[in-house]
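Residue numbering for the sequence shown follows the numbering used here, beginning at -8 and increasing consecutively.
Some notes on the structure that comes next.
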Amino acid sequence: MQLPPGSAFRSVLASGNGRSFSKWTTCSRALVNTGRFKARTIMPLQSSQWYSSHAHKTDIAIKNCRNIGIIAHIDAGKTTTTERMLHYAGFTRRIGDVDSGDTIMDYMKQERERGITITSAAITFGWKDHRINLIDTPGHVDFTIEVERSIRVLDGAVTILDAVAGVEAQTETVWQQAARQLVPRIAFVNKMDRAGAGFGRTVREMRTRLGCRPVVIQIPLMESPTGASGSGANDAEFSGVVDVLSMEILRWDADSKGAKVIRSPLDPSYPDQELYQEAVRARVAVVEQLSALDEKIIDLFLTLEDHMAIETKDLQAAIRRLTLSSTIVPVLCGASFKNIGVQPLMDSVVDFFPSPDERPAAIARMPDGKTVEIGSGGPKERLCALAFKVIHDARRGPMVFVRIYAGQLNERAQLWNSTTHTKERANKLLQMYAMDVEEITHITKGNIGVVLGLKDTRTGDTLIDAHDSRKGLALSGIKVPSPVFFASIEPMSTSDEKPVEEAIKALIREDPSLGMRVDEETGQTLLGGMGELHLEVAKERLVSDFKVNAEMGKMRISFKETMRGTGMVSDVPNWEYDREILGKRGRARVGVSVERLEQFEDTGNYTSASVSKVENGKESKDSSLASEEYEGNEIIISLAEQPTKSDEAGAQSAAEKAVSTGTVIPSGSTDLPIPAIRNAVKNGILSALSRGPLLGYAQTYLKVRLTDLHLYGSDSTPAAISSCVSAAVTEAIRLGGNSSTKENDSNSVLLEPIMDVRVEVAEKDVGTVIGDISGTRRGRVLSLDGSTHEASHEADDLGEFNIYAPPDPTYTGPGASPSSPKSSSTGIATMADRKSIRAQVPLSSMLGYDAALRALTGGTGKFAMEVIGYGEMDFDRQREVIKEMRGG
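Below, the structure is given as C-alpha cells:
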C-alpha cells in the first residue's frame, strides 16, 4: 500500500503552493476517487525525524527550492533510486519495487505491466529544509519527448549510470539533451553491488564518451566477509562509500533498510592503510582538479600548502560553483536496490544544484524580434509560465503542468496564451505527488504545478497575465520529434468513429510526439509515433484510458517528400485565384518561390534545416518574425502596409521593404489587418506542404517565400488568400526540381527517416557488426569507440584536465594495471573489452535489428537509436516503396 506525504510535509511546502497548517497532527483529508489521479487521506509520518523537527515551518524561500530530474539509459535504476529518495525523505512508509509493480512514480497500468517508465512523473518532497520538485523520466528512446520537455524546465539533472554497463547509448542521448539546455548535472554510478561493476572504468567513460570533467567525490568501499577490504580482495563486496571530501567511511544499516547511515572517520590510524592511501589520492585529485578551475581553491592551497588541510566546506563551495556553471560533474556511487548511497546523493542535490534564482534568466522573444529577460525583475514582475506537459484526466479534463519563471500564478487567474493568442482561465491549481494530487491556492516563481481549466494550452505554450500588455511575449518552445512510424486506427463501428477521433486528439495533446493524419485515398485514420512500443502503448491507452473500441493495423514507416535537387529554386511570380463559392466571390493574386534546402553535410551531421524539422512552429534563429521554421521547412512572410503619402518617412521605409521583399500591401486594398493576412498566407503554405505529390506524405526541407501579394478589397477573404497561396506553392513544387534521368519523371523525391545508431559489442564482433551495418543495412559508420560529435564539441574547451579514477579490475585501457583481468572472477565478461560503434542508418533497415544483433553477437550486443533527420532515397528504393504503397 502506497501512502501520500505526511501533513507535516505539506506544512513545510506551504510557501511554495499556498497551503498553511497550524498543527501537523490534525490535518486530514477524505479519500476521493476522481478519475486517473486521486486525492488521498493525508497521514502524518511520525517516524520521520525531519518532519518532526521542521513541522512548524511554513515558509520555504526560493533559494531552498530545487527543480531536478532523473535521467539515464533504460534499466539503470532511475525509478529504484527515486523510490528510495521518497522513503528516506519520509514521503512513504515502505519502499516501492519496480518488479512488484507497486512504485509511486510508475503508476500507469502500462508501466507496471512492463516494468519500465513510460511517462515522466512529477513529485514534491522535502529534504533538509529544502523543497525538491523531482521529475522521473523514461529511459526508452520511444519516449524521448518526456525527457526533452522535462529537461526544459529543470535546474539540475541526476544522471544515473549502470556500473556494469558504464556509459550506454541512451546515456549519451539524454546527456546531450541536458547539455543543450545547459542543465547542471551530477552523476550517480549505480549497481555497484553487481558482478562486473567498474566504478573507475565508468568514470573514464564519462570523460571519453560524454566529454565532461568528472570529479570523484566518493569511492566505493569494497569489503570481504572475512574482514579484508579493498578491490583487490577476491571475495570483496560493495558495502559502502568513502566520502573523500570529509574523509569518512559511510555504511548503511541493513536492519533499517538503509535509513540509518553510519559514519566513521578515515584517518592515518585506520587499520586498512591501502584504503586510507587511496582515499588520500582521491582527495588530492579533487583539490588539484578544483585548483585548476577555481581561484579560491588555488589561493587556499597556496596558503596552506597541504591538500588535506583544505576544509570540506571550502571544497563543497567550489564544487557548487563549478557545477552551477556546468564546468564539472560531481561523481558519486552506490547501489540503490541494496539501499546504499542514496542519502548522500540527496545531500548533493541540495548542496550542488542551483535554486531557480541561481539559473540564468529565461529569455523570451517579442513579436518585433527583441528579447526580454524573464525572472530578473524582482517580486513585482508579471507572471510568465511555460506549459511543458498535458495529461488528460477523465473527470478533471486536461491537467497542464507549468513551470513559473516570473510572478505568481493564482487560483482562478485570467491568463493569456501568447503562443495561440487565446484567453485562458486557471480554474484550479494542483500540487502533484505522482498519481496523487492536492489542491493549492497559488504557485510561486521557480515552482512547478498543475493548472485545471485550460482549454487550448499545449506543450510548449507560454502563459502570461491576461492584463499584461506584452501579448506576443513567448518563451522558447520545446523540441518535438516528428513521428517515424505509423499505423492505421480502425473504429470497430460507425458509432465509434467520433469517440476514436476525439480520443486520439486528446492523446496527441498529451504526447505531441504522436501525430494523426487521414489518408485521402483510403479514408483511414493514421496514428504516427516514435516506435513500435510507442504506438502499442498509445493503442492500449485508447482502449483502457479513453474507453474506445478500435483496432490497430500494421505498423509502417512514416516517409516525407521534397523537391528533387538541393539548391534548386522554383518561382511562380503571378498566380491568380478567382472563384465564386455559394454566391460569394473570392479573389487574390500572389507570387511565391520555393527552394530545396540541404539535409546533410559531408561530416555526417545534419544542417539546421534537418534538425529544425522537429520544432513545430518554433521561430528560426533569424530574429525577424517574418522567418519561421515548421517541420524542417523555412517559411518567409514579410508584409508591410503602404503608408499614406503624407507620411514621407513611412513611405521611405515601405519602399525599402518593397525592394527587399516585394510584399507591400497598398493602402486601402483591404480591410484585413496585417496579422490576419499573414496568418492566411501561412495557412495556405502549410496546406500545400502537408501533402506531397508522390504518396501524400508531408513535405520538408523547403524554403517557401512570399514574393508578391495583391488583394481586391472585400473579395480577398482569408479563405481566398489561403487557397491562392496553397495553389501557387503546389504549382511551384510541381515545376521545380532537377530530374537527371528519364526514369525520374517526377520533380519530387521520397525521404526516409535516418537514425543515429549506437551499438555496443564485444571487440571480437566489431568486424561482423560493421559489415552488417554498412552492407545489408545501407548504413554509414561514423566512429568506432569515439565520443559523439556533440559530446566532443562540448569537450572542445575542456583543455588539460587530469581525471582521477580509483583502481578497477574491470578496466583494461591505458594506464590500467598489467594484472587487471578482462573478466570478473565469476567469469562474466566485463565492459572493458567492448567497443562502441556509431552509425547513421535508414530506419527501414533497422526493423528487427534487436534479434539480428543478438544473432550476430551471441546475445551480448546492445544498441540504441534516435531519429536525427530524413535522407533522400535512391531511385530503385523509391520505386520499390511507391509500388508497395500503391499496391502495384
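Don't be surprised by glycine CBs; every beta carbon is placed ideally from N, CA and C.
Asked	Found
Test item: CB-CB of A378 and T448 under 8 Å	yes
Test: P370 CB closer than 8 Å to a CB of chain B	Checking the listed chains, one finds no chain B in this structure; it contains a single protein chain.
Selected residue, minimal CA-CA separation from R140, among I51, P472, R85 and K361	P472
Three-state secondary structure assigned by DSSP to M546	coil
Span of the alpha helix (DSSP H), counted from its first residue to its last, around V471	Unbroken run through V471: none, as it is neither H nor E.
Sequence ranges, beta strand (DSSP E) only - wholly within the stretch 168 to 218, length at least 3	176 to 181, 205 to 207 and 209 to 214
Whether S346 touches R57 by CB criterion (8 Å)	yes
Alpha-carbon spacing of V252 relative to Y79, whole angstroms	11 Å
Close-in-space but distant-in-sequence residues of the same chain around F392 (CB under 6 Å, 5 per side omitted)	F379, K380 and V441
Proximity winner among F343, T485, D699 and E493, relative to R580 (alpha-carbon distances)	D699
Cut-off 6 Å between Cβ atoms - residues of its own chain near V165, not counting five sequence neighbours on either side	I62 and V138
6 Å Cβ shell around R171 - same chain, five flanking residues per side excluded	none
Where V401 sits in the DSSP three-state scheme	For the sequence presented, residue 401 should be read as Asn rather than Val. In the structure shown, N401 sits in a strand (DSSP, three-state: E or B).
Stretch-stretch touch, CB-based, cutoff 8 Å, three pairs: the stretch 180 to 193 with the stretch 79 to 89	no
Option nearest G444 by Cα separation, candidates R508, V528 and E402	E402
First through last residue of the beta strand (DSSP E) which encompasses M554	K551 to M554
Length of the line joining the Cα atoms of N565 and M483	48 Å
Touch test, the stretch 263 to 283 against the stretch 232 to 245, Cβ-Cβ under 8 Å, three pairs minimum	yes
Alpha carbon of G558 to alpha carbon of L588, nearest angstrom	6 Å
Contact under 8 Å by Cβ, I142 with A169	yes
Under the three-state DSSP convention, the category S599 falls into	Its pLDDT being 28, under 50, S599 is placed unreliably in this model, and the value from its coordinates should be taken loosely. Residue state, collapsed to three classes: helix.
Residues near R185 by beta carbon distance below 7 Å, same chain, minus five either side	A154 and V155
V752 versus T801 - alpha carbon distance	16 Å
Nearest-angstrom Cα separation, counted from L281 out to L505	45 Å
Cβ contact (3+ pairs, closer than 8 Å) linking the stretch 712 to 729 and the stretch 669 to 680	yes
Rounded separation between E286 and D146 - CA only	25 Å
Cα-Cα separation, L464 to S367	15 Å
Alpha-carbon spacing of I434 relative to M337, whole angstroms	24 Å
Bridge partners - G506, DSSP secondary structure assignment	G519
Length of the line joining the Cα atoms of E647 and K551	Residue placement at E647 is poorly supported in this model, since its pLDDT is 42, which falls under 50; the coordinates are not used for a value here.
M546 vs L686 beta-carbon contact at 8 Å	no
Touch test, the stretch 410 to 417 against the stretch 355 to 362, Cβ-Cβ under 8 Å, three pairs minimum	no
Selected residue, minimal CA-CA separation from N408, among I455, I382 and G398	I455
Beta-bridge pairing of N58 - partner residues as DSSP gives them	N124
C-beta atoms of T881 and R176 nearer than 8 Å	Since the first residue shown for the chain is -8 and the last is 879, residue 881 is missing from the structure and cannot be characterised.
Coarse secondary structure for R140, derived from DSSP in three states	helix
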